[in-house]
Each structure stands twice: as structure tokens, then as C-alpha cells.
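Visitor: Chains as they are written, first to last, in the working numbering: chain D, 2 to 233; chain R, 79 to 505; chain F, 38 to 312.
For each residue, glycine too, the CB sits at the ideal point set by N, CA and C.
1. Measuring alpha carbon to alpha carbon, tell me which residue in 151/R, 407/R and 369/R is nearest residue 383/R.
2. According to DSSP, which residues form a beta bridge with residue 125/F?
3. Starting from residue 163/D, trace the beta strand (DSSP E) in both directions and tell me its first and last residue.
4. List the residues of chain D whose Cβ lies closer than 7 Å to the Cβ of residue 112/F, in chain order.
5. Quick check: is the beta carbon of residue 382/R nearer than 8 Å to any beta carbon in chain F?
6. For chain F, find out if any of its Cβ atoms is closer than 8 Å to the Cβ of residue 409/R; answer yes or no.
7. For the region 367-399 of chain R, enumerate the residues whose C-beta is nearer than 7 Å to any C-beta of chain F, in chain order.
8. With distances taken from CA atoms, which of 95/F, 79/F, 81/F and 75/F is nearest residue 276/F?
9. Is the region 22-41 of chain D in contact with the region 70-78 of chain D, if contact means three or more CB pairs nearer than 8 Å?
10. Please list, in chain order, the chain D residues whose beta carbon lies closer than 7 Å to that of residue 74/F.
11. Which residues share a DSSP beta bridge with residue 77/F?
12. Listed in chain order, which residues of the region 254-278 of chain F have Cβ atoms closer than 9 Å to some Cβ of chain D?
13. At a threshold of 7 Å, does residue 132/D count as lining the ligand MG (C-beta to nearest heavy atom)?
14. Considering only the beta carbon of each residue, do residue 214/R and residue 133/R sit closer than 8 Å?
15. Using only the alpha-carbon positions, how far apart do residue 364/R and residue 299/R sit?
16. Which same chain residues end up closer than 7 Å to residue 234/R when comparing Cβ atoms and leaving out the 5 residues on each side of it in sequence?
17. Considering only the beta carbon of each residue, do residue 211/R and residue 140/R sit closer than 8 Å?
18. Alpha carbons only, please: which of 286/R, 281/R, 332/R and 409/R is nearest the one belonging to residue 305/R?
19. Give me whichever residues DSSP pairs with residue 124/D in a beta bridge.
20. Roughly how many angstroms separate the alpha carbons of residue 175/D and residue 184/D, rounded to a whole number?
21. For residue 333/R, which residues from the same chain have a beta carbon less than 8 Å from its beta carbon, with the 5 sequence-adjacent residues on both sides left out?
22. Since I believe residue 214/D is in contact with residue 93/D (beta carbons under 8 Å), could you give me their beta-carbon distance rounded to a whole number of angstroms?
23. List the residues of chain D whose Cβ lies closer than 7 Å to the Cβ of residue 307/F, in chain order.
24. Give every residue of the same chain whose Cβ lies closer than 7 Å to the Cβ of residue 92/F, excluding the five residues on either side of it in the sequence, and list them in chain order.
25. Exposed or buried, residue 320/R, counting other C-beta atoms within 10 Å across all chains shown (16 or more means buried)?
26. Report the rounded CA-to-CA distance for residue 308/R versus residue 401/R, giving the unit in angstroms.
27. CB-CB under 7 Å to residue 300/F, same chain, minus the five flanking residues each way: which ones, in chain order?
28. Determine, using beta-carbon pairs with one atom in the region 222-235 of chain F and one in the region 131-142 of chain F, whether at least three such pairs fall under 8 Å.
29. Below 7 Å CB to CB, which residues in the same chain sit around residue 128/D once its five sequence neighbours on both sides are set aside?
30. Is residue 219/D helix, strand or coil by DSSP?
31. Using the three-state DSSP reduction, which class does residue 241/F fall into: helix, strand or coil?
32. Measure the Cβ-Cβ separation of residue 479/R and residue 457/R and say whether it is below 8 Å.
33. Cα separation between residue 476/R and residue 311/R?
34. My output table needs one value for residue 2/D: the three-state DSSP class, helix, strand or coil.
35. Counting only Cβ-Cβ distances shorter than 9 Å, please list the residues of the region 311-336 of chain R near chain F, keeping chain order.
36. Less than 8 Å between CB atoms is the rule here; does residue 505/R satisfy it with respect to chain F?
Structural data, given as C-alpha cells:
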């Protein structure tokens, strides 16, 4: 397929601008998540505060991008690749905003947990989850930037790994709970954190799926990986 | 100097140019209107004498002796036809002026009355035989010279040798006038009789009817043929075909051929080859059709071309056949244009005299034509004949004939406008 | 065939998408080529089906042959000198070019609505009654009245015109005129209606009413419409065909064409990109 430039240069510029804004929002969210996970793993409270501040910015960007999308739809009536692109932008922005929310949640628990020395025991298992989720998020944004559908499929498969880690952690945490009921509060907080990290992975997976939709026009959500692999 | 100033500077010039152009236009219209007005006024003024005629009252004694017939209760038309009526007039005149005695003067006296007056008396007697044996006062037509003099067109102060009317005749006229025996009256015979060598008897009806018959033949021939040819060329003829192109070029050229050529053609083909009667409206109509055809064909083609193709497509799309499209839509929509073209062609034909000279329609025809095969003349030819005649009274007749021709044209154009409006106001 | 043509054929290749429909199509074109004056080929090997009770939209840049193909479907091209159509076009499994179907009969079965509203300069009644009168579809005047009323009703024009049926059709507004033309077409009770840019001369509101009318007519007729407005094709059609330089590039469900076209040329055209 040789897709050319729009006849309308202004339309080209609008779409380019939109894309840049989504990518910069992605970088912001990526920063947020990595700050939040640093705060959690290393107990850095100042980073946690920074995450909360960044969230305002992310939310504002979501609103601005949504509005621009609405304007482009109203004025340009996009079709085909442009329609899929725009549709994906709206979806990706929602997912990014959710990741921001999850990061904020993690940062909040991080500042609460930083005073609790016992919880340090769980960090090891959390650290693994964080590294998977971070990789997924960064890669999915990269895929989106390059519209690499092949890589996107690979990344979306990493989500299963993250889910498995989450299951493992849950099992570990339940044993702690059985050992000592005093651990309940901190254990629950760690569970929430783990849950948030797992959700970040889900959102990253969604972004990858949208990339496939942009490129191939096929919606691979809620179809098992095998069949989507065969079709593409 | 910026652009605004440059433009403003030139604006003045441009507006001045515009005004000048308008003035030229108005001036040309005024000039052409003046010419037209001058022409009309001149013709109308010159023609007025032709619409009245001078009559002289004579006491006619319809005696058996003068009429040279025996008294009996009934007469056949033939008997009355053969009698001499000229003597009635002569006798009445001698009675009126008993002091006239010399032969020469008697002849001058007889010349007061038109040579056609005796036929008037004849018709009177045939119509009412009971007049025979009685004495009646009858207004009879004066001679054209008397008529011209009485209308004041001959100066009585000229030396006698320079005018067509003798001194003695003038004294007689004065005498008649003092006795109220001479008067002017509306000239009905101008519109009801045919041509004559005597201006006072000459009428336009023969030429009018001749023109009418000729135009009928022309219309009946050239309209259907012209429209059919145009429809074929425009709708059916194959495009980009060399012989269709040849036909088209020739039709366009025909419109520019001098009309006398058609006359020669008509003489050679119609009269000599096919034996069409000479001088007949049929022959004239046939020749004029040749002239009118190209005009009608060209006008019809233009009218057909101007019918929007969307209408044709609409009809075709509904399943109309080609001929249905033409008869239901193309021709009705083109009709105003076709009519305009046809009337222009007919008007040209009506005013045409040159080709008719070639086929004998310039002959002197006193009888009023009763059909397409009778010898006849047409209005423009009649005008030409009269304008060529020496008698003074023919000047007025010529102008009157022009007026009749103009009215004929005007009526034709009026008919065209009415027809066109009828077709146009359909929508 | 020069180098340009070869390159073009490689780029265009075979029609992608689903040119054929399941079941028996109402009309079907098979390998249709159209030539003007022998040396100018307007349409190259086009095969496409018109499914019953569906609207097929034909889109493409100017001069791509979409109107030419449309006019082949009721043999309106016959009236153009030097126009040659090869291949087969079927109407209900009868080849309209070789079988015994007369073009006049064919045009009664395959009606056409044109770009510019072109009512006859006659009354509204006479406009609608023209086709039935032409073909003798009625036996008496009351039947004709019924046909006129039915057609005008179907075209959504009855309410507006019932009190002025004797007024000229040319006195209506543009949108009303076009609906009158549609009423005139359906008065002949065709099976297929061809529309050649039916709304290009109309304002948006009139366009919307015509589009709504097309949607309603779909249940009784099969419609093929040529349009320059991609949005219109997207709004009204069930299937959409994209033409490029006389080739049929892609035919597919409209939903697919406008979200995920298969061919790059289609993509370029409907998203407004340089080809």
C-alpha cells in the first residue's frame, strides 16, 4: 500500500499534530508510571508527589486531545485509515489516562507503605511485575509511534506473563495473611498495588491491539491470540 | 502612486468610454428611426391620393335607342352585354355642355370620363334591367388626368402645352364644380379590382391574391420539407460522414445564392421541364420555396440544437423511441424558433421580385387570379410595374401598394409572434 | 498497449473485494469493455453485480468511467455514435445486449434519473403520466390518475403537489423537480433505477430528502447510483464500487470500504489523498 499525503495540507498538519500530542501524552504517562514504581520500590516519597502533580497534566491532555478529535471528525469526516487512526487516538488516550490513574494510585500506596518496614518483603515480587509492565508500556507506545503491528502482537502476549506473576503474588500474599493477621493492612495495600500494575499491563495490551486495528483494520480484542496470529 | 490611485485615474477614462459608447448606440437608433419615419411618412403622404377618386355626376338617359335594343319585358344577359354604353356617356356629356360643337372639343369632352365608366354602366343595367327606358343621375368615374388635376396635383398656371389637361377641360371642370357635379370619394375599387392600364381603374386585389396564393404554395412546400430535412440532419444523419458535410455546406451556401438564380432554375426546371403553367402562383411558390428552404432548414436546425439534451435523455430514459422523443419533445420545444425562422424566410419570399421576373410573373395581368394555376402577379412585382408607368396617378398607386405590402408583412409577423407566444406560454 | 497502460494494469490488477453477490443478482456485468470511436477505451474489463433491493454506489474521480458503466446498464450509450460495448450485461439472467430485449423495453425496466433535474416542460401530472402513456400501461384515465398518485406518493411529492398537478413541473424547486423525475421514473414500474449524480445540483436539505427517498425505494427497487460525494455514498449505499481510469478497483460492502478498504487507491481516494 502506498498511502500518499492528503490533498489538504491543513488536514495533514492536524493529524500530525494530534499524533504528536498523543505521543507526548504517552511519554508523560510513561514517566508517571516509572516514577510511581520507583517510589514504591525505593520508598521515594518526593517521586510519589510528583506523580500526583503530573496526573493533572495528563488529564488536561486527554481532554484537549478528545476535543481535537471531535473537531476533526466534525470538520473532515475522516474515512478508512484516517477514521481508524482517529478512533484509535480516542481509545489510546483513554487507556493512557487510566494508566496515569493507576500510577497515581500506586504512588499513593507507595507513600503510605514507605513507613511500613514489613512490606519491604514483598517488593521483590512486585519488582518483577513492575519491570514487565514497564516494558509493555514503553514497547506499546513505541509500537504505536511506528505502527508496528507485528511487535504489537508480541507485546500483547506478554500480558499473560504479567497475569501469571499477579497470580503468584496473590498466592504469596495469602500465605502472609494466614501467618499473621497483623499483616492484613499492609498486605492489602500491596495487593492493590499489584492489581494496579496488572491493570497497567492490560491497558498497554489494549494500545497494542489498537495498533493492529489501525494497520490491518481488524479488531483483535476479545479473540484469542492464536486466531489473530493466523489471520494476520 | 499606489494601486488605488492608478485605478481611479483610469476609471474616469473607462466611464467616459462607456458613456461615449452609449451615445453612439442611442444616436444610431435615432438615425435609423428617423430614416424609417421619413420613409413611412413619405409613402403615406404619396399614397393618400390613391385612396380617393374623382366622380362626375351625369344625367344618363337609358333610352332604347341609344342602347340600341328593342323594348321587351325580359332581356338576356348576353343581349345587354353586347349593347354600346359608351354612347350613353357621350350623349349625357353633350347634353351637359350643349355649346361644344367641334370634333376636337367633343373628344376632349369625352376624355373627362374614364374609359372604364361604360362598364360600370353596363354592370348597372345588367343588375337592374328596369332602368332601361328611364333617365337617371349617375356618378361616373372621372379620367385619371381629371382626377389628378382635381386633387390639385397639376398646376393650372402652367402653360397649356406642359400639362396633360387642356384649358377648355379646366373650364368644364370649374363649371361642373360650381354645379356640384364633381366630387371625391373613397376609392373602393383600389382594393377590389385587378390591374389596369388606366390608373383610375387599377386595383391591388389581383397582386394581393397572387401573393397570397404564392405564399401558400411556398409555405406548404418549404415548411414541411425544411423541418423534415432539418430533423433528419440534426437527429438521424450519421455524424462525421463526408457526404452529410457536403449537404450541410451546400445548404448554407444555398442561403447566400442570389435570388435571380433561383428564377432561372425555376424557368428551366419547373416551366420548361415539368410544364408548370407560366406566371402562375404555383410556379412562383415553387421558385420561392427554393429560396426559403435553406433559411427554414438553418433556423430549424439551430432551434433543434437549442433543445436541452437533458430533455432528450429524460424521454429516452423513460423508454421513448427516437421518433417519439422528436415529436413529443424536441419539435414542440423548438417550435418557436422554427416559426421565427420560417416567418423570416416567408417575409423574404414575400418581398422577392427578381426570381419571379424569370418565370413570367411580371406580366400585365388584369384578371384577379382565382387559383394556383391562373396567371397572376405579386405585390412587389405590381409595385415595380406601377412605378414604371408614365401616368402621374401611378405614383400614388405605387405608394399605396407599398403600404399594402407592408401591412401584409406586418400581419405575417404578427401571426408569427402570436404563434410563438402560444407555443412559448405553454410554459 | 503502451508502457503507461501496462504499468497501470499492474497497479490496478484485478478488482479486489466482492464484486459478486450471493444468490441471483438483479443485474450483472461480466467483463465489460466500453470503447468510444474504437481507439478510446473508457472501461476495462469490469465485472460487478447489482444485488436485489440494494443500493450500489459508484464512486471515483472524474472520467473514471462510472457514468459510462451506468449508462451501459440501460443502453443509453446506444445513442452515442461510435460507442461499442463488449462483454455481457445481464438483467435477471438475460443478456441485454445480445438477447431480444429491445432498448426501449429495457429502458422501461431500467429507469434513469439524471444529474440535473430535467422535468419536461409540461404539467406535473403530464410529467408523471408520460411514461405510462408511452407504454400504454393503463386502460383508462382513472387508472392513470392512480398511477400518478401512487408514483408521486412514493416519491414523497404527493402532499406538496396534489393541489397543483396542472402547474408546470419546471416551476417546482430543484429538490422537488428531482423527486418529480424520480416519480416519473417509477411510474413506469421499473426493476432497476439508475441515478447519475442525482443530488449534485441540489442543496443539502433537498439532498437529504432525496437520500431518504432512495432508502425508502430500496425495498421495492434495485438502485445503482453514481456520486461524487463520498459521504453520500457512505450514507446511502449498501455496496460501494470504486473506479479508477476505467478500471473497477474495488467493490465491497460500504461499511468495509469506508473503514478498511483493501486497495491503496481506494484508500487514497476516500481519505482525500494524492494517488
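Guide: On the basis of the coordinates in this document:
1. Here the closest residue by C-alpha is 407/R.
2. Paired residues: 67/F.
3. Counting along the chain, residue 163/D sits inside no beta strand (DSSP E); it lies in the alpha helix (DSSP H) bounded by residues 150-180.
4. Under the 7 Å cutoff, chain D gives no residues; its nearest Cβ is about 34 Å from residue 112/F.
5. No, residue 382/R does not count as interfacial toward chain F.
6. It does not; no Cβ of chain F falls within 8 Å.
7. Within the region 367-399 of chain R, the residues whose Cβ lies closer than 7 Å to some Cβ of chain F are 388, 389, 391, 392, 394, 395, 396, 397, 398 and 399, listed in chain order.
8. Closest by C-alpha distance to residue 276/F, out of 95/F, 79/F, 81/F and 75/F, is 95/F.
9. Segments in contact, no.
10. Going along chain D, no residue has its Cβ under 7 Å from residue 74/F, so there is no contact; the nearest lies around 33 Å.
11. Paired residue(s): 73/F.
12. Residues of the region 254-278 of chain F with a C-beta atom less than 9 Å from some C-beta of chain D are 267, 268 and 271, listed in chain order.
13. This structure simply doesn't include the ligand MG, nor any ligand for that matter.
14. At the C-beta level, residue 214/R and residue 133/R stay beyond 8 Å of one another.
15. Rounded to the nearest angstrom, the two C-alpha atoms are 8 Å apart.
16. Excluding residues within five positions, the ones whose Cβ falls inside 7 Å are 248.
17. Yes; because the gap between Cβ atoms is below 8 Å, this pair is in contact.
18. When only C-alpha atoms are compared, the closest one is 409/R.
19. DSSP output for residue 124/D lists no bridge partner at all.
20. Looking at the two C-alpha atoms, the distance is approximately 10 Å.
21. Sequence-distant partners of residue 333/R (beyond 5 residues in either direction) whose C-beta falls short of 8 Å from its own C-beta, in its chain, are 372, 373 and 376.
22. Actually they are not in contact, since the Cβ atoms of residue 93/D and residue 214/D sit about 10 Å apart, beyond 8 Å.
23. Here the neighbours are 80 and 81.
24. Closer than 7 Å at Cβ, skipping near neighbours: 251, 255, 260, 262, 273, 274 and 275.
25. Around the beta carbon of residue 320/R, fewer than 16 other beta carbons lie within 10 angstroms, which makes this residue exposed.
26. Approximately 14 Å, taken between the alpha carbons.
27. Only 53, 286 and 287 meet the Cβ criterion.
28. The way I'd put it, the region 222-235 of chain F doesn't touch the region 131-142 of chain F; fewer than three beta-carbon pairs between them come closer than 8 Å.
29. Shown here for residue 128/D: same chain residues with a beta carbon closer than 7 Å to its own, the five before and five after excluded, namely 42 in chain order.
30. In this structure, residue 219/D counts as coil in the three-state DSSP scheme.
31. In this structure, residue 241/F counts as helix in the three-state DSSP scheme.
32. Using a Cβ distance threshold of 8 Å, residue 479/R and residue 457/R count as a contacting pair.
33. Note on geometry: alpha-carbon atoms of residue 476/R and residue 311/R lie some 43 Å from one another.
34. Its pLDDT being 41, under 50, residue 2/D is placed unreliably by the model, and the measurement read from it follows with that caveat. Looking at residue 2/D - three-state DSSP - the assignment turns out to be coil, as it is neither helix nor strand.
35. With the criterion set as a beta carbon lying under 9 Å from some beta carbon of chain F, the members of the region 311-336 of chain R are 316, 317 and 318, in sequence order.
36. For residue 505/R, the pLDDT reaches just 49, beneath the cut-off of 50, and the residue's location in the model is therefore unreliable, leaving the point undetermined.
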